[in-house]
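See structure below.
Number of protein chains: 4
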Amino acid sequence: MKKVKVGIAGLGRLGKVHAHNIAYKIPNAELTAACSIVSDELEYAKKELGVTDVYTDYKEMLAMADIDAVVIVTTSGEHCWQIAAALDAGKHVFSDKPLGVTVEECKLAEGAVERHPESVFFLGFMRRFDPSYAYAKKKIEDGVIGTPYMVKAAGIDPEALVEGAIKFAATSGGIFIDMAIHDIDLMRWFLGSDPVEVHAMGATFKHPEFAEVGDDETGVAMYKCGNGALGIVHVGRTAAHGYHVETEIIGTEGSLRISPVPEKNLCMVYDKNGVVTECVGGFPERFAEAYQLEMQEFIDCVESGKKPEITVYDGTKSTQIGFATTEAWKTGNIVKIEY
Amino acid sequence: MKKVKVGIAGLGRLGKVHAHNIAYKIPNAELTAACSIVSDELEYAKKELGVTDVYTDYKEMLAMADIDAVVIVTTSGEHCWQIAAALDAGKHVFSDKPLGVTVEECKLAEGAVERHPESVFFLGFMRRFDPSYAYAKKKIEDGVIGTPYMVKAAGIDPEALVEGAIKFAATSGGIFIDMAIHDIDLMRWFLGSDPVEVHAMGATFKHPEFAEVGDDETGVAMYKCGNGALGIVHVGRTAAHGYHVETEIIGTEGSLRISPVPEKNLCMVYDKNGVVTECVGGFPERFAEAYQLEMQEFIDCVESGKKPEITVYDGTKSTQIGFATTEAWKTGNIVKIEY
Amino acid sequence: MKKVKVGIAGLGRLGKVHAHNIAYKIPNAELTAACSIVSDELEYAKKELGVTDVYTDYKEMLAMADIDAVVIVTTSGEHCWQIAAALDAGKHVFSDKPLGVTVEECKLAEGAVERHPESVFFLGFMRRFDPSYAYAKKKIEDGVIGTPYMVKAAGIDPEALVEGAIKFAATSGGIFIDMAIHDIDLMRWFLGSDPVEVHAMGATFKHPEFAEVGDDETGVAMYKCGNGALGIVHVGRTAAHGYHVETEIIGTEGSLRISPVPEKNLCMVYDKNGVVTECVGGFPERFAEAYQLEMQEFIDCVESGKKPEITVYDGTKSTQIGFATTEAWKTGNIVKIEY
Amino acid sequence: MKKVKVGIAGLGRLGKVHAHNIAYKIPNAELTAACSIVSDELEYAKKELGVTDVYTDYKEMLAMADIDAVVIVTTSGEHCWQIAAALDAGKHVFSDKPLGVTVEECKLAEGAVERHPESVFFLGFMRRFDPSYAYAKKKIEDGVIGTPYMVKAAGIDPEALVEGAIKFAATSGGIFIDMAIHDIDLMRWFLGSDPVEVHAMGATFKHPEFAEVGDDETGVAMYKCGNGALGIVHVGRTAAHGYHVETEIIGTEGSLRISPVPEKNLCMVYDKNGVVTECVGGFPERFAEAYQLEMQEFIDCVESGKKPEITVYDGTKSTQIGFATTEAWKTGNIVKIEY
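Residue numbers (the numbering used here), protein chains in the order written: chain A, 49 to 387; chain B, 49 to 387; chain C, 49 to 387; chain D, 49 to 387.
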């Protein structure tokens, strides 16, 4: 069995997750090269992943390494040019979300993808691969809820991790850019229509540090889509109980609800507090399986020539919507979204 | 034990619920008079409730009947003048929600209440008396969730009853006036602050009859309150699974969630579909206990001279907010709310 | 509307519940007499229930009071002779469970019931009237789970109330007599067959006071019924989370499960512990509605001449099964049950 | 990184799960040999797993293959001699449960393990590695429920798969041998004490084919342990809703409950039936992660020299308890268990 040879760029928290999956959990892939500007991360690649072909320069990896595909998990601002460079070097590309931090960048990535129709480009909206979300999509396709016309989504980081968010608040692009991209993608995916109008509000009651730099600790946006469907996206950073990702999809014949209780596992505790369900602590725990399944799908696409369902245009649109939402939040106006 | 003597005005669906509670479930009340323009309803009062002192004219009941208090369950447009007339006749008054159908009417009722500080005026926001909602309020007062800063509410009537809603769509005042008043009241109650700004959207995907008369089958509104807190109210008419009333209150230290699964009772069915929880079929089933508890509170206020927590101003405000929401929905604009 | 006139015997904790329901919650009943050997209880009857016709002697109440029916809520050892006396005095009778504390006593009650076929005899197995249990029975009758062949029941008192149980441990008859009667009745009711064989075990790990007087704080019994169906009854006294009554009924086509989470109400708390459902604190809270509904049914039977579904023989059988279970537990043997 | 070289014996349904995990999901293992008497299975090993070193004779694999460890997933009757042969050949051994089909066989395996204290022997009680069960064990060790004194377990195969069970009913050893071993192991593990006495019953209401060959479709056993703790194990073959594995562990300070609703994933469907949670379809789905985690633990033990928590004696004891349970069920007697 021939394996797809992969080089990874970026070995931070999420990069390590991807690298470990490629190295050990994807039968038809092997991790043969790694690139990072952080020397500890390259040490990690050698010791923990057995990758000896390491680089500090991304372009050098593209030029020198024996790889079929590149997995990009660098900081968001680097994604687009790295995507273009890899495609132009004849590599298949997986890039983590977001596609880019400006719409202009995204258009550059689009151009590169269009120049290389023979290559696979895969954008890391891993939630679509989570078994519960994939099951919801399947149910919708099976007609179980009729025509979906409303999505209500919540994505709230745990209070336990808020210090990190406070530290980066001034440079994160604001709560909607930082936190709403996955929910925006899910909304589009489930509704089958793009939002054309948004209004958004924010609030900060617990950590004034967010407000001090012009951010908010909670945001809520309301969307109207081209086909008339509605969307509500609620993002936040201070869930006491853990990492709260919840989605409701409402259709003409029924609705679906994913994890109103973001349970850690199937064990409940009955004690003097009552009946207690502990909750997941963060996205690596909640979406561990999704990260593995999306990478498997990427590798399978490379191997088989199959095209991914997610396209580069999904990436551009989610970025556009994120900026429109941010404008609505900042100005207090209703913002029209054009693509 | 002296009982509070009550005359009821209106014996429709909800009127019968109240009348039955007064007659049989409130120890310190007795139902001694009834008024209706529907002769069948007066027959019902005689046969089922043992009330022999019946009237077709409201003012005549006020003048003639041996009553301490009036319970008004007539059509919404009659509430305010009937409130004023009863207070001016020296009676204590319970009025079902909404207070009135225009703000002007509400102001008339306010004037009457202010003229009679010695009388009890009680507005039927029964959800506040539901054990689950009352428990949530108690938890908030106990500080369990810190400062509440966001309410997310849903109130969706069952598809099984949609024909009635279609029939009255042209005259209901629109979905927000018709359906959102309770959720608006709960939002204000839980947040302890009034909304100052609203944006709203609607959608109709299943029953075009609503859109044909300018209504919608689903509506969603987003509020910002004076203290910066946020609110989302989602109303609809087509829940496949039953009567769906759900509320989430989010605070700085935790959150509360009331009935994401609007269970009919504590029995689950494990069958070939999976594990199934049947749901309540409508508001009389869901809030049976709340209707009884609010009436008990009204009677206790009359008997003890205690003042109700809910005031006439709560009624005016919820009506004002309902109209502002309707304006936002109809115009597509963000609407400022002034009181 | 003519009301059924009721005299109550016994006004302890549960007696007060019944008395309050008769006086204030059952439209076609009135509480006209009360009997107790505790003077405070008679004071309560006068002040809280407005009953002026009070007695310290049960037979005197039967002879003198203007009553159609007697509700017996005295200590268990008094039930049977009081049942017989009331029936012989021409009264309809409601007796709380258990029917009697010996099978001989139960037979005396049976004789009295048989002597008075014109009178209503009603035994207070209130769980059958709880909306969730009644719904389960209806589902079974509708064929939803096919033929029921196994019942698994748990009835565990809260640790918060264990002191009372410790105090009466020496005289309670043991944990199965004291706690399993309701579960035994439900098992028979749901399975439609009587147990013919039982084995039982007990354990005491938390409160050695139970073991010191020959009782146990936890008991579990396994039954085989005449038709081959199986039953498991688990009783205890030390649930940390509250009052835990749970029942599972398994049939050939599905199963039913009542309250694996004995929720207090529909509100959940999301806090640093996770997602928490508080639980009911005791039987008066859990079965408040059931107590009212069974009394309504008794009064309706008296008024209409309808015969109750529960018979005196159900009472004798549950007592016989309780004793057989106790024998199995005490001896460590498998015990055959004959009726 | 040096990898542990593994040869697998048996590539049936579960064998394929283990083989796939070793080949692709365990970083520090590689699958280098395979043995099966079924030629299709060897083809599978070559094509799907890339294993070219294949055998039809187990002893030949032990003698010839370049392997450090053997994973035994053959039919139960082969386990013990294969364990002994592998250990005597200097290999580390993982054997699927049960250890053996007679106590005599188990003793042979014990002897081999004792002869080779330097080798790792690992018994496949994978449920201990399921995240929910492992979490429950951790909670107990942390003292969250005080002293555990009762386990209630249910393990019910789906009706959808009953045809297979009917086919093998005559030779399966009966329902307790066939189905209760995992629950027995969990009971011992959670209680920290071994059962010394058992009574058991069975029933067949849906598929008479079981009764015709002396088996039952449902069985329930009640255990008393050496320390006085209690256990209930309920096994069956006809769950309408899916694969039902549920466990409750009750302690002096609280209790734990694992999966009263054996949910397939985190998505619920709200439709005209109510709120529906679909359930897992079988053990490979329910325990997919547990199978991977137990194999990881085995390989880590081999690599590090660490001893597994599960021992060969756990295997013997669960077999002994299974036989005692079967005797109790067949004879209708209470059976003492001696080790």
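Even glycine gets a Cβ: it sits at the ideal position worked out from N, Cα and C. Bear in mind the structure is a predicted one, so any value in this text is a computation, not a measurement.
Inset, instruction - Just confirm the distance between the C-beta atoms of C327/D and E301/D, as a whole number of angstroms; I'd bet it's less than 8 Å. - result: Looking up residue 327/D in the fourth sequence gives position 279. Looking up residue 301/D in the fourth sequence gives position 253. Actually they do not touch by this definition, with Cβ atoms about 31 Å apart.
Legend entry - Separation of T252/A from T195/B, as counted between CA atoms: Position 147 of the second sequence holds residue 195/B. Position 204 of the first sequence holds residue 252/A. Our two residues, T195/B and T252/A, have alpha carbons roughly 11 Å apart in a direct line.
Legend entry - chain B within 7 Å of G302/A, Cβ atoms only: Taking the first sequence and counting its residues from 1, the one referred to as residue 302/A is at position 254. Chain B contact via Cβ: present.
Legend entry - Own chain residues within Cβ distance below 8 Å of S303/D, not counting five before or after: Counted from its first residue, the fourth sequence places residue 303/D at position 255. Cβ neighbours of S303/D beyond the five flanking positions: I193, E296, I297.
Legend entry - Below-7 Å beta-carbon distance, M316/B vs any chain A residue: As a position in the second sequence, residue 316/B is number 268, starting the count at 1. No - not a single Cβ of chain A is within 7 Å of the one on M316/B.
Legend entry - K53/A vs D105/A beta-carbon contact at 7 Å: As a first step, residue 53/A must be located in the first sequence, where it is residue number 5. As a first step, residue 105/A must be located in the first sequence, where it is residue number 57. Contact flag unset, no.
Legend entry - Start and end residues, alpha helix (DSSP H) containing C83/D: Taking the first residue of the fourth sequence as position 1, residue 83/D is located at position 35. Per DSSP, C83/D belongs to no alpha helix (DSSP H); it is in the beta strand (DSSP E), 77–83.
Legend entry - Local Cβ density within 10 Å of M198/B, reported as buried at 16 or more and exposed below that: To locate residue 198/B, count along the second sequence from 1; it is residue 150. That one is buried.
Legend entry - Among D264/B, K384/B, N313/B, the one whose alpha carbon lies nearest that of M227/B: Indexing the second sequence from 1 puts residue 227/B at position 179. With distances taken between Cα atoms, M227/B lies closest to D264/B.
Legend entry - Span of the beta strand (DSSP E), counted from its first residue to its last, around C315/C: Numbered from 1 along the third sequence, position 267 holds the residue referred to as residue 315/C. It spans 315–319 - the beta strand (DSSP E) in which C315/C sits, taken as one unbroken run.
Inset, instruction - Find the nearest neighbour of L209/C within the set E294/C, T286/C, F346/C, judged by alpha-carbon distance. - result: The residue you call residue 209/C lines up with position 161 of the third sequence. When each option's Cα is compared against that of L209/C, the closest is T286/C.
Inset, instruction - Check whether the Cβ atoms of I225/B and T374/B lie closer than 7 Å to each other. - result: By 1-based counting over the second sequence, the position of residue 225/B is 177. By 1-based counting over the second sequence, the position of residue 374/B is 326. Yes, they are a contact pair.
Legend entry - Touching by the beta-carbon criterion (3+ pairs, under 8 Å), the region 262–277 of chain A and the region 232–251 of chain A: Judged by Cβ distances under 8 Å, the region 262–277 of chain A makes contact with the region 232–251 of chain A, as three or more pairs qualify.
Legend entry - The beta strand (DSSP E) enclosing P243/C, as first and last residue numbers: On the third sequence, residue 243/C is found 195 positions in, with the first residue counted as 1. Per DSSP, the unbroken beta strand (DSSP E) holding P243/C starts and ends at 243–251.
Inset, instruction - Label S213/C either buried or exposed according to how many other C-beta atoms from any shown protein chain fall within 10 Å of its C-beta, with 16 as the threshold for buried. - result: Against the third sequence, residue 213/C aligns to sequence position 165. The question names Ser, yet the displayed sequence has Ala at residue 213/C. Per the 10 Å Cβ criterion, buried.
Legend entry - Residue-chain proximity (K73/B, chain C), Cβ-Cβ < 7 Å: Mapped onto the second sequence, residue 73/B falls at position 25. Yes, contact with chain C.
Inset, instruction - Can you tell me which of G159/B, E152/B, R175/B, L147/B puts its alpha carbon nearest to the alpha carbon of E345/B? - result: Sequence index remark: in the second sequence, residue 345/B carries index 297 (1-based). When G159/B, E152/B, R175/B, L147/B are compared, the shortest CA-CA separation from E345/B is found for R175/B.
Inset, instruction - Starting from the beta carbon of N313/D, find every residue of chain B whose beta carbon is closer than 7 Å, and list them in chain order. - result: For the purposes of this step, residue 313/D is taken as residue 265 along the fourth sequence, with counting starting at 1. Here the premise fails: no neighbours, minimum Cβ distance about 11 Å.
Inset, instruction - Mind listing the chain G neighbours of S307/A? Cutoff is C-beta to C-beta under 7 Å, in chain order. - result: Given the protein chain composition of this structure (A, B, C and D), no chain G is represented.
Inset, instruction - Starting from L304/C, trace the beta strand (DSSP E) both ways and give me its first and last residue. - result: In the third sequence, the residue the question calls residue 304/C occupies position 256. Where L304/C is concerned, the enclosing beta strand (DSSP E) stretches over 303–306.
Inset, instruction - Mark F335/B as exposed unless 16 or more other C-beta atoms lie within 10 angstroms of its C-beta, in which case mark it buried. - result: What you label residue 335/B is simply residue 287 of the second sequence in a count that begins at 1. F335/B should be labelled buried.
Legend entry - Given V149/D as reference, the closest of N76/D, S366/D, E386/D, V383/D once Cα atoms are compared: Within the fourth sequence, residue 149/D is the residue found at index 101, counting from 1. Cα-wise, what sits closest to V149/D is S366/D.
Inset, instruction - Determine contact between the region 118–125 of chain A and the region 55–69 of chain A, defined as no fewer than three beta-carbon pairs at a distance below 8 Å. - result: yes
Legend entry - chain B within 7 Å of V324/D, Cβ atoms only: Taking the fourth sequence and counting its residues from 1, the one referred to as residue 324/D is at position 276. So, interface residue.
Inset, instruction - Could you tell me whether any Cβ in chain D is nearer than 7 Å to the Cβ of H247/C? - result: Translated into the one-based positions of the third sequence, residue 247/C becomes position 199. Closer than 7 Å: yes.
Legend entry - L314/A versus T123/C: straight-line alpha-carbon distance, rounded: Counting from one through the first sequence, the residue named residue 314/A turns up at place 266. Counting from one through the third sequence, the residue named residue 123/C turns up at place 75. One C-alpha to the other measures close to 44 Å.
Legend entry - Spatial neighbours of T219/B in its chain, beta-carbon cut-off 6 Å, leaving aside the 5 residues before and after: One-based indexing of the second sequence puts residue 219/B at position 171. Contacts found: none.
Legend entry - As assigned by DSSP and simplified to three states, the class of T104/C: Working through the third sequence from its first residue, we reach residue 104/C at position 56. Assignment of T104/C by DSSP, reduced to helix, strand and coil, places it in the coil class.
Legend entry - E296/A - partner residues in DSSP beta bridges: What you label residue 296/A is simply residue 248 of the first sequence in a count that begins at 1. Note: E296/A sits in a beta bridge opposite K200/A, R305/A.
Inset, instruction - Could you tell me whether any Cβ in chain D is nearer than 7 Å to the Cβ of Y183/A? - result: On the first sequence, position 135 is the one that residue 183/A refers to. Against chain D, the CB of Y183/A has a partner CB under 7 Å away; the residue lies at that interface.
Legend entry - Length of the line joining the Cα atoms of D114/A and D101/A: Taking the first residue of the first sequence as position 1, residue 114/A is located at position 66. Taking the first residue of the first sequence as position 1, residue 101/A is located at position 53. Cα-Cα distance, rounded: 9 Å.
Inset, instruction - Could you say if the region 346–355 of chain A and the region 65–84 of chain A meet the contact criterion of at least three C-beta pairs nearer than 8 Å? - result: yes
Legend entry - Backbone CA spacing between E91/A and F371/A [nearest angstrom]: Start at 1 with the first residue of the first sequence, and residue 91/A comes out as number 43. Start at 1 with the first residue of the first sequence, and residue 371/A comes out as number 323. Roughly 37 Å between the two C-alpha positions.
Legend entry - Proximity winner among V161/C, K64/C, L278/C, S180/C, relative to G98/C (alpha-carbon distances): Locating residue 98/C in the third sequence gives position 50, where the first residue counts as 1. Cα-wise, what sits closest to G98/C is K64/C.
Inset, instruction - Just the C-alpha distance for L239/C and F331/A, rounded to the nearest angstrom, thanks. - result: As a first step, residue 239/C is located in the third sequence; it is residue number 191 there, counting from the start. As a first step, residue 331/A is located in the first sequence; it is residue number 283 there, counting from the start. If I take the Cα positions, the gap works out to 47 Å.
Legend entry - Beta-bridge partners of I280/D, as assigned by DSSP: To locate residue 280/D, count along the fourth sequence from 1; it is residue 232. DSSP lists K200/D, M270/D as partners of I280/D.
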